[in-house]
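S.K.: Dropping a structure here in structure tokens format, bear with me for questions.
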Amino acid sequence: MAAAENDLLETRTTPRGLLRVDAATPVMLHFLMPLVKPFRERYPEMTLSLVSSETFINLIERKVDVAIRAGTLTDSSLRARPLFTSYRKIVASPDYVARYGMPQHPSDLKQHHCLGFTEPVSLNTWPVSCCDGQLLEIEAAVSSNSGETLKQLCLTGNGIACLSDYMVDKEIASGEFVELLADKRLPVEMPFSAVYYSDRAVSTRIRAFIDFLSDHVKQLPKELS
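Taking the working numbering, I'd label the letters of the sequence shown as residues 4 to 228.
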């Protein structure tokens, strides 16, 4: 019944009805949450259901209209609209640096407490190169499937983390984080896109939401988008 009502609403020109959006918790908190209020002000007849998933999900099974995803699209049944590109930064708290010292070379990280991901394990490959030219694969002293958990562990001095710039730039600017090995960091890009199923007509709700995100990204400083 709810789906039928939403389809009926689509026959009108103004976007109306429920839009279900899925994203990993960091993307939800740092990218989407600040945009909820201005989006609702522009489209007051739309309602949003925001769901955080730390792993890839089946959009149809979870009844998701739009998902924000990192990486390159591999599912041919999905369409993607590129939004922004992120770069990961290696950070620690000032307290941790004062206690354990600041690594001067990527190989020094082997002597430190590194915070890593249980999944995806690919995020435990950090964007700095070792002596052999390969990207550094860390051994985690503490690991989690949540980037926000790792961020809080890092803020409280539990170790060194490698997190997306949109998660840590404010704390670097405020002094809550110290960026490590900035001159050694390689420009490994992580693209983020809005994805949705391609086997159906794009609803006015989906189009309005993705266009709104795209317009927001265009207004960001170039180095942040």
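From the three backbone atoms N, C-alpha and C, an ideal C-beta is built for every residue, glycine too.
Residues in the same chain with beta-carbon distance under 8 angstroms from serine 52, minus the five sequence neighbours each way, listed in chain order, please.
M.R.: Around serine 52: Leu21, Leu22, Arg23 and Val24.
S.K.: Please check the pair valine 191 and arginine 72, which I expect to be a contact at CB under 8 angstroms, by giving their CB distance rounded to whole angstroms.
M.R.: No, valine 191 and arginine 72 are not in contact; Cβ-Cβ is about 17 angstroms, not under 8 angstroms.
S.K.: For threonine 88, report the span of its beta strand (DSSP E) as first-last.
M.R.: 81-95 is the extent of the beta strand (DSSP E) around threonine 88.
S.K.: Measure the alpha-carbon distance for histidine 116 versus glutamine 137 and round it to whole angstroms.
M.R.: Approximately 21 angstroms between the Cα atoms of the pair.
S.K.: Of all the alpha helix (DSSP H) runs that stay within the bounds of the segment 177-224, which reach a length of 4 or more residues?
M.R.: Here the runs fully enclosed are 207-221.
S.K.: Quick check on cysteine 134: buried or exposed, where buried means 16 or more other Cβ atoms within 10 Å of its Cβ?
M.R.: Classification for cysteine 134: exposed.
S.K.: Less than 6 angstroms between C-beta atoms, sequence neighbours within five positions excluded: which residues of the same chain meet that for threonine 128?
M.R.: Around threonine 128: Leu138 and Glu140.
S.K.: What do you get for leucine 189, buried or exposed, if any count of 16 or more other CB atoms within 10 angstroms of its CB means buried?
M.R.: By the 10 Å Cβ count, leucine 189 comes out exposed.
S.K.: Check this for me: beta carbons of serine 149 and threonine 28, under 8 angstroms apart or not?
M.R.: In this structure, threonine 28 lies closer than 8 angstroms to serine 149 by Cβ.
S.K.: Any idea which residues DSSP pairs isoleucine 71 with across the strands?
M.R.: The partner list for isoleucine 71 (beta bridge, DSSP) reads Ala26 and Ala197.
S.K.: Less than 8 angstroms between the C-beta atoms of phenylalanine 180 and valine 94, yes or no?
M.R.: Cβ atoms of phenylalanine 180 and valine 94: closer than 8 angstroms.
S.K.: Measure the C-alpha to C-alpha separation of phenylalanine 212 and valine 171 and round it to an integer number of angstroms.
M.R.: For phenylalanine 212 and valine 171, the distance between alpha carbons rounds to 26 angstroms.
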